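Read in my numbering, the sequence shown has 8 at position 17, and its numbers run on one by one without any break. Here's the structure we're looking at; comments come further down.
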Amino acid sequence: MTRAGRDAVELFLREARSLQGEHRYAHALQAAGLAATAAVQTGDHRKRVEATVLEASCLKSLGRFEEAWVRYTRALALGCDLIKRTGLEGEELISQLVWAHVESADCARLIPQIPRRDVLRVLDEADAWL
């Protein structure tokens, strides 16, 4: 991972958080998406989880609950896989995964089309990991 790549990811994440704080969720979503893409390209799995959670948060704020639920679920899968594969943890990563778990449950509650057994399965898997 190059320094320029890391710097790009951090820049996009900072911009996304700033825009989110200004309630400019559509723009924050774009910046978070760029951060996620850059994190994939640089191989920074922790930042990918962080960017994915940020994308989900923006989607939820925009009322796009189905897409937010998918992103939160993806973040949980990525984070749990990262920890299982590498043994990496860290307070920041753990808190992001806990946040993703809580928020995914809230989104799922707002999406009547999602079969309850799917929601319960995802929540059970996250609970088992937590």
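Idealized CB from N, CA, C, for every residue including glycine. Values in this document were obtained by computation on a predicted structure and should not be read as measured data.
query: For the alpha helix (DSSP H) containing R76, list its first residue and its last residue.; result: 56 to 77
query: Between the C-alpha atoms of Y16 and R108, what's the straight-line distance to the nearest angstrom?; result: 31 Å
query: Look up D35 in the DSSP assignment and say whether it is helix, strand or coil.; result: coil
query: State the start and end residues of the unbroken alpha helix (DSSP H) segment that holds R15.; result: Counting along the chain, R15 falls outside any alpha helix (DSSP H), and DSSP gives it neither H nor E.
query: Rounded to whole angstroms, what is the Cα-Cα separation between D118 and V0?; result: 30 Å
query: Going by alpha carbons, who is nearest to E94 out of R8, E57, L10, G24?; result: E57
query: Can you grab the Cα-Cα spacing for the pair H92 / T64, in whole Å?; result: 8 Å
query: Could you tell me whether the stretch 18 to 28 touches the stretch 67 to 81, where touching means 3 or more Cβ pairs closer than 8 Å?; result: no
query: Name the two residues that bound the continuous alpha helix (DSSP H) containing L53.; result: Premise fails: L53 is in no alpha helix (DSSP H) and is neither H nor E.
query: For L101, does the three-state DSSP call read helix, strand or coil?; result: coil
query: If you draw a straight line from the alpha carbon of A135 to that of G34, how long is it in whole angstroms?; result: Outside the shown range of the chain (-8 to 121) lies residue 135, about which nothing can therefore be said.
query: From this set, C98, A(-5), D115, R(-3), which residue's C-alpha is nearest S48's C-alpha?; result: C98
query: Which residue from S9, W60, Q21 puts its Cα closest to that of L101?; result: W60
query: If you draw a straight line from the C-alpha of G(-4) to the C-alpha of A30, how long is it?; result: 8 Å
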